[in-house]
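Novice: All residue numbers for the sequence shown refer to the working numbering, where the first residue is 742 and numbers rise by one.
Just so you know, even glycine gets a beta-carbon here, dropped at the ideal spot from N, CA and C.
As the structure is a computational prediction, the values presented were derived from the model and not from experiment.
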Amino acid sequence: QMNGTSGYEEAAGQGIMAGINAALRAQGKGPFTLKRSDAYIGVMIDDLVTKGTNEPYRLLTSRAEYRLLLRHDNADLRLTPMGHELGLISDERYAEFLAKRQAIETELNRLNTTRLKPKDVNPWLEAHHYAPLKDGVLASDFLKRPEIDYQTMAQFLPDNPTLDHRVIEQVEIQIKYAGYIAKEEASVAKLKRLEGKKIPLRINYAAINGLATEARQKLVKIQPETIAQASRISGVNPADVAILSVYIEQGRISKVAQ
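1. Alpha carbons only, please: which of Ala927, Tyr891 and Asp981 is nearest the one belonging to Lys917?
2. For Arg907, name the three-state secondary structure that DSSP assigns.
3. Could you please give me the residues that DSSP links to Arg856 through a beta bridge?
4. Alpha carbon to alpha carbon, how far is Ala998 from Ala767?
5. For the segment 928-938 and the segment 829-841, state whether three or more C-beta atom pairs, one from each stretch, are separated by less than 8 Å.
6. Buried or exposed, going by whether 16 or more other CB atoms sit within 10 Å of the CB of Met758?
7. Can you check DSSP and say which residues form a bridge with Thr746?
8. Count the other CB atoms within 10 Å of the CB of Met743; is the residue buried (16 or more) or exposed (fewer)?
9. Indicate the three-state DSSP secondary structure (helix, strand or coil) for Thr967 in the structure shown.
10. Classify Lys776 as helix, strand or coil using the three-state DSSP reduction.
11. Counting along the chain, where does the alpha helix (DSSP H) carrying Leu810 start and finish?
12. Can you name, in chain order, every residue of its own chain whose Cβ lies under 8 Å from the Cβ of Pro979, other than the five neighbours on each side?
13. Identify, in the order they occur along the chain, each residue of the same chain with its Cβ nearer than 7 Å to the Cβ of Arg842, setting aside the five sequence neighbours on each side.
14. Candidates Arg907, Asp876, Thr847 and Pro772: which alpha carbon is nearest Asp861's?
15. Can you tell which of Leu935, Val977 and Thr967 has its C-alpha closest to the C-alpha of Phe954?
16. DSSP three-state label for Lys938, please.
17. Is Pro965 closer than 8 Å to Ile940 when the C-beta atoms are compared?
18. Does the distance from the CB of Met894 to the CB of Ala880 come in under 8 Å?
19. Suppose contacts are defined by Cβ-Cβ distances below 8 Å. Is Pro822 in contact with Thr746 by that definition?
20. Here's the rule: buried if 16 or more other CB atoms are within 10 angstroms of the residue's CB, otherwise exposed. What is Glu846?
21. For my contact list, Leu852 and Phe897 are in at a C-beta cut-off of 8 Å; report their separation, rounded to the angstrom.
22. Can you find the residues in the same chain that come closer than 8 Å, C-beta to C-beta, to Thr854, ignoring five residues on each side of it along the sequence?
23. May I have the straight-line CA-CA distance separating Leu932 from Asn762, to the nearest angstrom?
24. Can you give me the C-alpha to C-alpha distance between Thr967 and Gly771, rounded to a whole angstrom?
25. Would Ser995 be called buried (16 or more neighbouring beta carbons within 10 Å of its own) or exposed?
26. My understanding is that Asn863 touches Leu849, with C-beta atoms under 8 Å, so please give their C-beta distance in whole angstroms.
27. State buried or exposed for Gln991, treating a residue as buried only when at least 16 other CB atoms are found within 10 Å of its CB.
28. With a threshold of 7 Å on Cβ separation, who are the neighbours of Phe773 within its own chain once the five nearest residues in sequence on each side are excluded?
Dropping the structure here:
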């Protein structure tokens with residue numbers, strides 16, 4: 742509540758991050774942070790830091806711009822490596838995770854390199870009143886069709902491996918949503934470049950010409966650490982972000998530091 746949130750899950754999210762970072766500090770290590778593209782906890786903390794709140798904050802899925810990446814089915818793929826590095830995941834559990842991830846990658850590679858012949862799949866398509874194939878097609882492209890699921894596709898493939906249902910689910914999701922996932926990953930890559938642009942400490946925003954008054958006030962109050970954080974502050978528009986970015990890229994920022 743002191744941070745402006747309301748709800749058990751929000752409190753738990755902040756609590757585990759506080760515990761992790763308290764342990765890291767006691768060990769003399771650097772802080773651990775989650776980005777908006779890593780987890781909903783990252784979305785919540787970034788919102789609280791850059792946007793603030795005038796009412797009790799609840800973490801809704803609508804607050805995340807990368808919802809397609811922050812799915813429940815891929816939570817282990819996103820967070821287990823981090824957890825293991827922090828010492829929160831046992832070696833045994835991590836080995837199981839690596840085996841699952843390898844199985845997913847192997848099956849994706851198989852489907853992306855195996856072609857289906859029209860003579861094999863057209864009888865099924867025609868029997869179910871779907872348009873037949875004119876040419877051969879990759880198994881992965883065949884799976885992208887809305888009427889096709891993994892089990893249907895697998896009957897046309899030789900030597901299918903025995904896979905856990907969670908692996909099959911992940912393979913099917915990654916293939917069917919590949920185009921949309923790629924777009925979000927491109928947005929994340931762009932954000933990562935902005936996150937790499939650090940804003941020097943003790944910067945004097947009053948000395949940067951061209952910043953809007955509201956943007957200047959918000960930047961002074963919040964003191965963002967990166968251009969990406971600055972871009973998410975309410976009241977800081979793209980023009981302000983561009984001006985700040987140019988100052989940093991051209992090395993002019995040293996002239997306006999106190």
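Specialist: Result, derived from the coordinates:
1. Taking the sequence shown and counting its residues from 1, the one referred to as residue 917 is at position 176. For the residues Ala927, Tyr891 and Asp981, the minimum Cα distance to Lys917 belongs to Tyr891.
2. The residue labelled residue 907 in the question sits at position 166 within the sequence shown. Secondary structure at Arg907: helix, using DSSP grouped into helix, strand and coil.
3. On the sequence shown, position 115 is the one that residue 856 refers to. Residue pairing from DSSP places Arg856 in a beta bridge opposite Leu879.
4. Position 257 of the sequence shown holds residue 998. Position 26 of the sequence shown holds residue 767. The predicted position of Ala998 is uncertain, since its pLDDT is 47 and thus under 50; no value can be drawn from it.
5. Contact fails: fewer than three Cβ-Cβ distances are below 8 Å.
6. As a first step, residue 758 is located in the sequence shown; it is residue number 17 there, counting from the start. Within a 10 Å sphere around the beta-carbon of Met758 sit 16 or more other beta-carbons, which makes this residue buried.
7. By one-based count along the sequence shown, residue 746 stands at place 5. Bridge partners of Thr746: Tyr798.
8. Residue 743 sits at position 2 when you count from the first residue of the sequence shown. It counts as exposed.
9. Stepping through the sequence shown from its first residue, residue 967 is reached at position 226. Reduced to three states, the DSSP call for Thr967 is strand.
10. Counting from 1 along the sequence shown, the entry for residue 776 is found at position 35. The three-state secondary structure of Lys776, taken from DSSP, is coil.
11. By one-based count along the sequence shown, residue 810 stands at place 69. Counting along the chain, Leu810 falls outside any alpha helix (DSSP H), and DSSP gives it neither H nor E.
12. Residue mapping note: residue 979 aligns to position 238 of the sequence shown, counting from 1. Once the five neighbours on either side are set aside, the close Cβ partners of Pro979 are Ser972.
13. Working through the sequence shown from its first residue, we reach residue 842 at position 101. Cβ neighbours of Arg842 within its own chain (closer than 7 Å, five residues either side excluded): Leu818.
14. As a first step, residue 861 must be located in the sequence shown, where it is residue number 120. Of the candidates Arg907, Asp876, Thr847 and Pro772, the one whose C-alpha sits nearest the C-alpha of Asp861 is Asp876.
15. For this step, residue 954 is matched to residue 213 along the sequence shown. In the sequence on display, residue 954 carries Thr and not Phe. Distances from the CA of Thr954 to each of Leu935, Val977 and Thr967 were compared; the closest alpha carbon is that of Val977.
16. The sequence position of residue 938 within the sequence shown is 197, counting from 1. If DSSP states are grouped into helix, strand and coil, Lys938 belongs with coil.
17. For the purposes of this step, residue 940 is taken as the residue at position 199 of the sequence shown. For the purposes of this step, residue 965 is taken as the residue at position 224 of the sequence shown. Remark: C-beta atoms of Ile940 and Pro965 approach each other more closely than 8 Å.
18. The count along the sequence shown starts at 1 and reaches residue 894 at position 153. The count along the sequence shown starts at 1 and reaches residue 880 at position 139. Between Met894 and Ala880, the gap from beta carbon to beta carbon is short of 8 Å.
19. In the sequence shown, residue 822 corresponds to position 81, counting from 1. In the sequence shown, residue 746 corresponds to position 5, counting from 1. With contacts defined as CB atoms closer than 8 Å, Pro822 and Thr746 fail to qualify as a contacting pair.
20. Numbered from 1 along the sequence shown, position 105 holds the residue referred to as residue 846. It is exposed - the Cβ of Glu846 has fewer than 16 other Cβ atoms within 10 Å.
21. Locating residue 852 in the sequence shown gives position 111, counting from the first residue. Locating residue 897 in the sequence shown gives position 156, counting from the first residue. About 11 Å separates the two Cβ atoms, so there is no contact after all.
22. The residue you call residue 854 lines up with position 113 of the sequence shown. Cβ within range, chain order: Leu879.
23. Position 191 of the sequence shown, counted from the first residue, corresponds to residue 932. Position 21 of the sequence shown, counted from the first residue, corresponds to residue 762. Cα to Cα, Leu932 sits roughly 24 Å from Asn762.
24. Within the sequence shown, the letter at position 226 stands for residue 967. Within the sequence shown, the letter at position 30 stands for residue 771. When rounded, the distance between both Cα atoms is 17 Å.
25. Position 254 of the sequence shown, counted from the first residue, corresponds to residue 995. At Ser995 the pLDDT is 47, less than 50, meaning the model places this residue with poor confidence and gives no usable figure here.
26. Here the question's residue 863 lines up with position 122 in the sequence shown. Here the question's residue 849 lines up with position 108 in the sequence shown. No, Asn863 and Leu849 are not in contact; Cβ-Cβ is about 25 Å, not under 8 Å.
27. Numbered from its first residue, the sequence shown carries residue 991 at position 250. So Gln991 ends up on the exposed side.
28. Position 32 of the sequence shown, counting from 1, holds the residue named residue 773. Excluding sequence neighbours, Phe773 sits near Ile761, Asn762, Leu765 and Leu827.
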